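Using this note's numbering, the letters of the sequence shown correspond one by one to residues 2 to 368. The beta-carbon is built from N, C-alpha and C at its ideal position, and this holds for glycine as well. Being a predicted model, the structure only gives us computed values, none of them experimental.
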Amino acid sequence: MGLLPNVARDLGVSIPAAGMLVSGYALGVTIGAPILAVVTAKMPRKAALLALIGVFIVGNLFCAIAPGYATLMVARVVTAFCHGAFFGIGSVVASNLVAPNKRAQAIALMFTGLTLANVLGVPLGTALGQAFGWRATFWAVTGIGALAAAALAFCVPKRLEMPAAGIAREFGVLRNPQVLMVLGISVLASASLFTVFTYIAPILEDVTGFTPHDVTLVLLLFGLGLTVGGTVGGKLADWRRIPSLVATLASIGVVLAAFAGTMRTPLPALVTIFVWGVLAFAIVPPLQILIVDRASHAPNLASTLNQGAFNLGNALGAWLGGTAIHAGVPLAKLPWAGAALAMAALALTLWSASLERRAVPGPAGCA
2 MGLLPNVARD LGVSIPAAGM LVSGYALGVT IGAPILAVVT AKMPRKAALL
52 ALIGVFIVGN LFCAIAPGYA TLMVARVVTA FCHGAFFGIG SVVASNLVAP
102 NKRAQAIALM FTGLTLANVL GVPLGTALGQ AFGWRATFWA VTGIGALAAA
152 ALAFCVPKRL EMPAAGIARE FGVLRNPQVL MVLGISVLAS ASLFTVFTYI
202 APILEDVTGF TPHDVTLVLL LFGLGLTVGG TVGGKLADWR RIPSLVATLA
252 SIGVVLAAFA GTMRTPLPAL VTIFVWGVLA FAIVPPLQIL IVDRASHAPN
302 LASTLNQGAF NLGNALGAWL GGTAIHAGVP LAKLPWAGAA LAMAALALTL
352 WSASLERRAV PGPAGCA
């Protein structure tokens, strides 16, 4: 996103048009994830992951050499197709490479890589693009993708003892209400974050009083919180999944409500933002392991759809926040909307847990 002005100038398009490259990528993740999950359903899991990262490499290569806007957009969408499917299938693979009591932590570790890529990769990629042109960033990403493919080829076992499910079986899990509920929780939880976080820069500048340079440092602090949250969330999810998810969602609601007050003073705002970052990513491991467990006989499509659910929540949250601002809601009130969405996710979680308890037969002779 930091290179949008550079891309716009080089390709002769407006900033909003360049911004559509970001929207196109998000759309590609949402649409492409289930398609590629189905296409690769019968492939061995390692082969599927290698194929997906191959698409990623080729897509970024075409981004680097794209002669115009339309070609770049197509390349971005194609690259995005593999994103959700890779992390969806990767979650299933990661959870099967470790002991049962470490499954959520394995998923958390994988997503911590994604977090670090955002925390470190975005500013580094922006700096590289500003120094050598935006195409240099795509060349660098292509090279990193090749290194990741080599690591995947050498480090992931060839035989994973994971029989591939058929297409009908994969789609069959969508008849499971518990799977649909987890997807709904993911949408609401993600929306609670992005209703506020999409507009964090103007909040920090206009309400808290930070400079644009300060905002960059605050975002790094938030990113550090995300990294810590992934580790904490993985450990909690391996301990007690539903209780940890309930506690985290409730805490997000409380912290966002608190942020509506603390954002006016720099130090309390910084503390709140760090804690918010920890909680925001602590929900990812329990949600991802829940979707894998509740679609246990055919988890690949469901796990991949959960990535689409997170992206849908991103878009929904950004839209809700923008709509509220256009309707005249002050920036300082946005955290209340995020808190309300977190409470909606909490309510759906409690409902899902209640239905699951009723579905489990009690001991014989018990009422």
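Next on the checklist: Among the candidates Asp-239, Gly-318, Val-99 and Ile-292, whose CA atom is the shortest distance from the CA of Leu-181?
Outcome noted: Residue numbering aside, residue 181 sits at position 180 when the sequence shown is read from its first letter. Of the listed residues, the one whose Cα sits closest to Leu-181 is Ile-292.
Item to check | Gly-55, DSSP secondary structure in three states | outcome: Within the sequence shown, numbered from 1, the residue matching residue 55 stands at position 54. If DSSP states are grouped into helix, strand and coil, Gly-55 belongs with the helices.
Item to check | Which of helix, strand or coil DSSP assigns to Ser-353 | outcome: Within the sequence shown, numbered from 1, the residue matching residue 353 stands at position 352. Ser-353: helix per DSSP, three-state reduction.
Checklist entry - How should Phe-23 be labelled, buried or exposed, when 16 other C-beta atoms within 10 angstroms of its C-beta is the threshold for buried? => result For the purposes of this step, residue 23 is identified with residue 22 of the sequence shown, where counting begins at 1. Looking at the sequence provided, one finds Val at residue 23 rather than Phe. With fewer than 16 other Cβ atoms within 10 Å, it is exposed.
Checklist entry - Anyone know if the C-beta pair for Val-157 and Asn-61 falls short of 7 Å? => result Here residue 157 refers to the residue found at position 156 of the sequence shown. Here residue 61 refers to the residue found at position 60 of the sequence shown. In terms of Cβ geometry, Val-157 and Asn-61 do not form a close pair [threshold 7 Å].
Checklist entry - Is Gly-314 near the ligand GDP, in the sense that its beta carbon is under 6 Å from a heavy atom of that ligand? => result The ligand GDP is absent from the structure shown, which contains no ligands of any kind.
Item to check | Euclidean distance between Cα positions of Val-233 and Ile-284 | outcome: Taking the first residue of the sequence shown as position 1, residue 233 is located at position 232. Taking the first residue of the sequence shown as position 1, residue 284 is located at position 283. Inter-residue distance for Val-233 and Ile-284 is about 9 Å (C-alpha atoms, whole angstroms).
Checklist entry - So, helix, strand or coil for Asn-177, using DSSP? => result In the sequence shown, residue 177 corresponds to position 176, counting from 1. When secondary structure is reduced to three states using DSSP, Asn-177 falls in the coil class, being assigned neither helix nor strand.
Checklist entry - Using 8 Å as the Cβ pair cut-off and three pairs as the minimum, do the region 269 to 283 and the region 119 to 139 touch? => result In the pairwise beta carbon analysis, the region 269 to 283 is classified as not touching the region 119 to 139: fewer than three pairs are separated by under 8 Å.
Checklist entry - The alpha helix (DSSP H) with Met-111 in it runs from where to where? => result Along the sequence shown, one-based indexing puts residue 111 at 110. It spans 104 to 117 - the alpha helix (DSSP H) in which Met-111 sits, taken as one unbroken run.
Item to check | For Tyr-200, the three-state DSSP class (helix, strand or coil) | outcome: Locating residue 200 in the sequence shown gives position 199, where the first residue counts as 1. For Tyr-200, the secondary structure class from DSSP, reduced to helix, strand or coil, is coil.
Item to check | Extent of the continuous alpha helix (DSSP H) to which Asp-215 belongs | outcome: Reading the sequence shown from its first residue, position 214 is the one you call residue 215. First-last of the alpha helix (DSSP H) with Asp-215: 213 to 240.
Next on the checklist: Since Ala-340 and Leu-257 should fall inside the 8 Å C-beta cutoff, what is the C-beta to C-beta distance between them, to a whole number of angstroms?
Outcome noted: For this step, residue 340 is matched to residue 339 along the sequence shown. For this step, residue 257 is matched to residue 256 along the sequence shown. At roughly 4 Å, the Cβ-Cβ gap stays under 8 Å, so Ala-340 and Leu-257 are in contact.
Next on the checklist: Quick check on DSSP: helix, strand or coil for Thr-266?
Outcome noted: Residue mapping note: residue 266 aligns to position 265 of the sequence shown, counting from 1. Reduced to three states, the DSSP call for Thr-266 is coil.
Checklist entry - Secondary structure at Ser-15, three-state DSSP: helix, strand or coil? => result Mapped onto the sequence shown, residue 15 falls at position 14. Coil, per DSSP.
Next on the checklist: Going by DSSP in three states, Leu-332 sits in which element: helix, strand or coil?
Outcome noted: Within the sequence shown, residue 332 is the residue found at index 331, counting from 1. Shown here, Leu-332 sits in a helix according to DSSP, grouped into three states.
Checklist entry - Given that a residue counts as buried once 16 or more other Cβ atoms are within 10 Å of its Cβ, and exposed if not, what is Ala-281? => result On the sequence shown, residue 281 is found 280 positions in, with the first residue counted as 1. It counts as buried.
Next on the checklist: If we require 4 or more residues per run, which alpha helix (DSSP H) segments fall completely within the region 55 to 105?
Outcome noted: If one requires a minimum length of 4 residues, the alpha helix (DSSP H) runs lying completely within the region 55 to 105 are 70 to 97, in chain order.
Item to check | Spatial distance of Asn-7 from Gly-322 (CA atoms) | outcome: Counted from its first residue, the sequence shown places residue 7 at position 6. Counted from its first residue, the sequence shown places residue 322 at position 321. Inter-residue distance for Asn-7 and Gly-322 is about 27 Å (C-alpha atoms, whole angstroms).
Checklist entry - Counting Cβ pairs, one atom from each stretch, are 3 or more of them under 8 Å apart for the region 108 to 117 and the region 218 to 234? => result Yes, the region 108 to 117 is in contact with the region 218 to 234.
Checklist entry - Leaving out five residues before and five after Ala-202 in sequence, what residues of the same chain have Cβ atoms less than 7 Å from its Cβ? => result Looking up residue 202 in the sequence shown gives position 201. If we look at Ala-202 and ignore the five residues flanking it on each side, its Cβ neighbours are Val-216.
Checklist entry - Does the Cβ of Phe-155 have 16 or more other Cβ atoms within 10 Å, making it buried, or fewer, making it exposed? => result Here residue 155 refers to the residue found at position 154 when the sequence shown is read from its first residue. Exposure of Phe-155 is indicated by the presence of fewer than 16 other C-beta atoms within 10 angstroms of its C-beta.
Item to check | Closest by C-alpha distance to Leu-302, when choosing among Ile-36, Ala-338 and Pro-244 | outcome: As a working note, residue 302 is residue 301 in the sequence shown. When only C-alpha atoms are compared, the closest one is Ile-36.
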